[in-house]
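Novice: Heads up: the sequence shown at position 7 corresponds to 7 in UniProt numbering, and the numbers run straight through without jumps.
Backbone N, C-alpha and C fix where the C-beta goes; we use that ideal spot for every residue, glycine too.
Remember, it's a predicted structure, so these values are computed and weren't measured experimentally.
Sharing a structure, written as structure tokens. Questions coming.
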Amino acid sequence: MHIDWFVLLAQLVNFLILIYLLKRFLYTRIIQAMNEREAKIAARFDEAERLKREAEEAARVYEEKNSFLQGQEEKMLNQAREVVNHRQKEWMDSAREEVDAIRRRWIETVLQEKAAFLEHLRQRTGKQVFAIARKILDDLADTAIESKMVDVLIDRIHSLDPAEREKICSALEDSEEGAIVQSAFALFPEDRQRLTDTVRDLLGKPDAVIRYQESSDLIGGIEFLASGHRIAWSISDYLEHLEQDFDRVLHEEVRQTLPKPSGESVMPSEEQRP
1 MHIDWFVLLA QLVNFLILIY LLKRFLYTRI IQAMNEREAK IAARFDEAER
51 LKREAEEAAR VYEEKNSFLQ GQEEKMLNQA REVVNHRQKE WMDSAREEVD
101 AIRRRWIETV LQEKAAFLEH LRQRTGKQVF AIARKILDDL ADTAIESKMV
151 DVLIDRIHSL DPAEREKICS ALEDSEEGAI VQSAFALFPE DRQRLTDTVR
201 DLLGKPDAVI RYQESSDLIG GIEFLASGHR IAWSISDYLE HLEQDFDRVL
251 HEEVRQTLPK PSGESVMPSE EQRP
């Protein structure tokens, strides 16, 4: 079985960096925020219970003072109970609404912080993995990582089946944009020439013009674009899987920690999450 040491090492480094960042920057903040929210929620419920006890005490005193009234006793007691029940319901409803509002705001804050952290982690991890991979390749061989990426892209172009080749050629025939090669880095002249020769061979046009562009949106990657068709390799492809796993673990951790109010789920469903 062939083992791609480059991919294995990159994934291992991704995982170690993720564990470190999660422990150092995110988990402590989430626990602290949850503790603060739980304290506020507990205080609201304590206040509601206190008000309930005060209301019940008021009802008891009211009943004792009016027990001597003949003929009107039952009517007045019923009125008192109605007042107490009404006030109690109002207080409980108000407390429940406020607690739910606090909880919703907390969830929104967590989701926003999570999205920002994931984006920051994605960018930072990509850059660090790219730098580490570059260093490893520099230490183990005389070939730069950029040239290795070009080799991968060329291999993927060569491995296209005839039907895919025909689709790309037909698409470029009807396109004014032409063939484009985008990369997150500046290509060496010899790598650019190799790519040019490969694309021209794919199109069957020795004089075809290929435009080269640098894009900051790519994270350590390179791609060939042909009127809607895309052939690419990028560290971001691996980071997307890493981000999905991290998102799933984070969602499960928060879901298990946050208390569940009646009638509502703890966290949004997968369709509702950003």
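Starting from the Cα of LEU153, find the closest Cα among LEU121, GLU177, LEU187 and ALA171 and give me that residue.
Specialist: Taking the first residue of the sequence shown as 1, we reach residue 153 at position 153. Closest by alpha carbon: LEU187.
Novice: Using C-beta distances below 6 Å, list every residue in its chain close to LEU9, excluding the 5 sequence neighbours before and after it, in chain order.
Specialist: On the sequence shown, residue 9 is found 9 positions in, with the first residue counted as 1. Taken in chain order, the list of residues that qualify is empty.
Novice: Report buried or exposed for GLU173, applying the criterion of at least 16 other Cβ atoms within 10 angstroms of its Cβ.
Specialist: The count along the sequence shown starts at 1 and reaches residue 173 at position 173. With fewer than 16 other Cβ atoms within 10 Å, it is exposed.
Novice: Based on the DSSP output, what are the partners of ALA179 in its beta bridges?
Specialist: For the purposes of this step, residue 179 is identified with residue 179 of the sequence shown, where counting begins at 1. Beta-bridge pairing links ALA179 to ILE210 and ALA226.
Novice: Which residues in the same chain as PHE185 place their Cβ atom closer than 6 Å to its Cβ, once the five residues preceding and following it in sequence are excluded?
Specialist: The count along the sequence shown starts at 1 and reaches residue 185 at position 185. Result list for PHE185: GLU146, in chain order.
Novice: So, under 8 Å CB-CB, ILE157 and THR196 are touching, yes? Tell me the CB distance rounded to an integer number of Å.
Specialist: Within the sequence shown, numbered from 1, the residue matching residue 157 stands at position 157. Within the sequence shown, numbered from 1, the residue matching residue 196 stands at position 196. The pair is not a contact, with the Cβ atoms about 12 Å apart (cut-off 8 Å).
Novice: Enumerate in chain order the residues of its own chain whose CB-to-CB distance from ALA226 is below 8 Å, with the five nearest sequence positions on each side excluded.
Specialist: What you label residue 226 is simply residue 226 of the sequence shown in a count that begins at 1. Once the five neighbours on either side are set aside, the close Cβ partners of ALA226 are ILE168, ALA171, LEU172, SER175, ALA179 and ILE180.
Novice: DSSP three-state label for SER147, please.
Specialist: The count along the sequence shown starts at 1 and reaches residue 147 at position 147. Helix, per DSSP.
Novice: If you compare alpha carbons, which of LYS52, ALA116 and VAL99 is closest to HIS86?
Specialist: Taking the sequence shown and counting its residues from 1, the one referred to as residue 86 is at position 86. Residue LYS52 is the option with its Cα nearest to HIS86.
Novice: Ignore the nearest five residues each way along the sequence and tell me which others in THR28's own chain have a CB closer than 7 Å to its CB.
Specialist: For this step, residue 28 is matched to residue 28 along the sequence shown. So the list is empty, once near-sequence residues are dropped.
Novice: Measuring CA to CA, which of GLU56, LEU202 and ALA208 is closest to GLU177?
Specialist: In the sequence shown, the residue the question calls residue 177 occupies position 177. When only C-alpha atoms are compared, the closest one is ALA208.
Novice: Based on Cα-Cα distance, which residue from SER216, PHE224, ASP217 and SER215 lies nearest to LEU202?
Specialist: Reading the sequence shown from its first residue, position 202 is the one you call residue 202. When each option's Cα is compared against that of LEU202, the closest is PHE224.
Novice: How about VAL150 and ARG200: do their beta carbons lie closer than 8 Å?
Specialist: As a working note, residue 150 is residue 150 in the sequence shown. As a working note, residue 200 is residue 200 in the sequence shown. Not closer than 8 Å, so no.
Novice: Comparing the CB of LYS167 with every heavy atom of the ligand MN, is any distance shorter than 7 Å?
Specialist: As far as ligands go, the structure on display features none, and thus does not contain the ligand MN.
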